[in-house]
Amino acid sequence: MAVIEHFEAESGAGEIALSEATARDFFELLKPRVMSLVVFTALAGLVVAPGTINPVLGLIAILCIAVGAGASGALNMWYDADIDAVMSRTARRPIPAGRIRPEEALAFGLTLSVFSVVILGLAVNWLSAGLLAFTIFFYAVVYTMWLKRSTPQNIVIGGAAGAFPPMIGWACVTGGVSIESVVLFLITFLWTPAHFWALALFKMRDYDAVGVPMLPNVAGEATTKVQILAYAVLTAAIAVVPTFLGFASLGYGVFAAVLGAGFVWYSLGVLFMPEGDRAMVPAKKLFAFSILYLFAIFSGLMLDHLVAAFGWVS
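This is the structure we're talking about:
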């Protein structure tokens with residue numbers, strides 16, 4: 020009765036306010052493009068990890084990680100609805116567009132969070148479930164509610180949330196964390212600033228309009244370009260470390276080095292981009308290449324592992 024009265028008060032018409040959201044709107048809350056990257060890197064951690072996992076349990080693990088990532092996205096959209104409504108890139112998201120009510124998004128995100136963590140713990144192991152719970156908390160609370168609006172280093176620290184999935188995949192198989200899984204974490208962690216600051220360069224006006232202190236808005240384009248290059252170099256270096264640690268072949272190392280050179284090359288293009296260039300073509304090219312780069316690196320790791328596992332080369 021109290022719930023009905025609450026909705027009556029909100030609608031002002033004495034009728035229950037019903038959501039007009041569709042299944043597609045709720046799917047959009049999950050940030051499917053981000054989720055696909057999370058699922059892919061988690062799968063890489065699961066495949067590359069030593070040992071085996073029952074295929075059914077492996078599928079459950081990946082689904083739980085995907086649902087947990089989607090839950091993080093829903094909670095992020097719930098909290099950021101105010102600034103999403105202002106930014107051109109996000110104005111058509113379900114909440115600012117009025118297709119989903121904020122309380123629905125919050126309930127949806129919390130429910131999926133609990134479901135994904137509990138199922139992963141019961142079906143696989145509680146270390147991987149704990150890492151998933153921490154990842155959801157870090158992205159939704161530490162990054163979204165605190166870092167994003169308080170420091171220009173938001174994406175550097177907050178990038179840890181997106182870097183945990185391969186470590187979670189590794190823990191699903193091994194039940195532990197090792198130096199190898201830390202390296203998988205670092206690849207994505209160090210990749211994130213260059214990837215996201217490239218976007219921030221050509222979306223500076225949006226971030227400035229909502230008061231989010233992204234690095235280009237606070238420190239300027241020149242500083243951002245230098246830091247993009249620095250992180251690109253670090254990413255290129257860490258991506259070849261699996262070969263030196265012995266859990267990837269020399270062939271993978273060469274492949275990663277070539278990709279890393281491309282990442283640095285595109286970053287140099289951004290570095291020498293004219294100040295105040297509105298077209299921002301080099302930044303857009305780097306942003307696009309960075310996505311391809313991360314998929315290629317983790318694809319290379321998985322292919323390398325499968326080749327070694329099945330003895331396709333001597």
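Its first residue numbered 20, the sequence shown is counted upward by one per residue in this note's numbering.
Using N, Cα and C, we set each Cβ at its ideal position, and we do this for glycine too.
Does the Cβ of S2 have 16 or more other Cβ atoms within 10 Å, making it buried, or fewer, making it exposed?
-> Any property of residue 2 remains undetermined from this structure, which presents the chain solely from 20 to 333.
Give the straight-line distance between the Cα atoms of G64 and P51, rounded to the nearest whole angstrom.
-> Numbered from 1 along the sequence shown, position 45 holds the residue referred to as residue 64. Numbered from 1 along the sequence shown, position 32 holds the residue referred to as residue 51. Whole-angstrom Cα-Cα distance: 20 Å.
Indicate the three-state DSSP secondary structure (helix, strand or coil) for E240 in the structure shown.
-> The sequence position of residue 240 within the sequence shown is 221, counting from 1. Helix at E240.
Runs of beta strand (DSSP E) lying entirely within the stretch 190-219, each at least 3 residues, in chain order = none
Residue range of the unbroken alpha helix (DSSP H) whose run includes A275 | In the sequence shown, counting from the first residue as 1, residue 275 sits at position 256. L269 to L290 is the extent of the alpha helix (DSSP H) around A275.
Over the uninterrupted alpha helix (DSSP H) stretch that includes D323, give me the two end residues.
-> Taking the first residue of the sequence shown as 1, we reach residue 323 at position 304. First-last of the alpha helix (DSSP H) with D323: V300 to A328.
Going along the chain, which residues of its own chain have a beta-carbon closer than 6 Å to the beta-carbon of N144, five neighbours each way excluded?
-> Taking the sequence shown and counting its residues from 1, the one referred to as residue 144 is at position 125. Answer for N144: G194, listed in chain order.
Using 10 angstroms around the beta-carbon of L139, count the other beta-carbons present and answer buried if the total reaches 16, otherwise exposed.
-> Counting from 1 along the sequence shown, the entry for residue 139 is found at position 120. Result: buried.
Would you mind working out which of G288, M96, L264 and A256 sits nearest K244, comparing C-alpha positions?
-> On the sequence shown, position 225 is the one that residue 244 refers to. For the residues G288, M96, L264 and A256, the minimum Cα distance to K244 belongs to G288.
Whole-number beta carbon distance between F282 and A335, since they are thought to touch under 8 Å | With the chain represented from 20 up to 333, any question about residue 335 goes unanswered, as that position is not in the structure.
Supposed contact pair Y158 and A180 - C-beta distance, whole angstroms, cut 8 Å = Within the sequence shown, residue 180 is the residue found at index 161, counting from 1. Within the sequence shown, residue 158 is the residue found at index 139, counting from 1. Indeed they touch by this definition, with Cβ atoms about 4 Å apart.
By how many angstroms is the C-alpha of Y312 removed from the C-alpha of A327?
-> The residue given as residue 327 occupies position 308 in the sequence shown. The residue given as residue 312 occupies position 293 in the sequence shown. Approximately 22 Å between the Cα atoms of the pair.
Establish whether the CB of D99 and some CB of chain D are separated by less than 9 Å.
-> The chain labelled as chain D is not found in the depicted structure, where only one protein chain is given.
If we ignore side chains and look at the alpha-carbon of each, how far apart do D103 and M299 end up?
-> As a position in the sequence shown, residue 103 is number 84, starting the count at 1. As a position in the sequence shown, residue 299 is number 280, starting the count at 1. Distance between the alpha carbons of D103 and M299 is about 22 Å.
What separation, rounded to the nearest whole angstrom, lies between the Cα atoms of F220 and T154?
-> As a first step, residue 220 must be located in the sequence shown, where it is residue number 201. As a first step, residue 154 must be located in the sequence shown, where it is residue number 135. Correcting the residue type first, residue 220 is Leu in the shown sequence and not Phe. Distance between the alpha carbons of L220 and T154: 27 Å.
DSSP on V245, reduced to helix/strand/coil?
-> Working through the sequence shown from its first residue, we reach residue 245 at position 226. The answer is helix: DSSP assigns V245 an H, G or I state.
Three-way DSSP call (helix, strand, coil) for L87 in this model = In the sequence shown, residue 87 corresponds to position 68, counting from 1. The sequence given here places Gly at residue 87; Leu does not occur at that position. If DSSP states are grouped into helix, strand and coil, G87 belongs with the helices.
State the start and end residues of the unbroken alpha helix (DSSP H) segment that holds A142.
-> Sequence index remark: in the sequence shown, residue 142 carries index 123 (1-based). A142 -> alpha helix (DSSP H) spans P121 to A142.
Determine the burial state of T3: buried for a count of at least 16 other Cβ atoms within 10 Å of its Cβ, exposed for fewer.
-> No answer is possible for residue 3: it lies beyond the span of the chain, which begins at 20 and ends at 333.
Can you have a look at R297 and say buried or exposed, based on whether 16 or more other CB atoms are within 10 angstroms of its CB?
-> Translated into the one-based positions of the sequence shown, residue 297 becomes position 278. The residue is exposed, with fewer than 16 neighbouring Cβ atoms inside 10 Å.
Can you tell which of A100, R168 and T211 has the C-alpha that lies nearest to the C-alpha of V53?
-> As a first step, residue 53 is located in the sequence shown; it is residue number 34 there, counting from the start. Measuring from the Cα of V53, the nearest candidate turns out to be T211.
Helix, strand or coil: how does DSSP classify M340 here?
-> Because the chain here runs from 20 to 333, residue 340 falls outside it and cannot be looked at.
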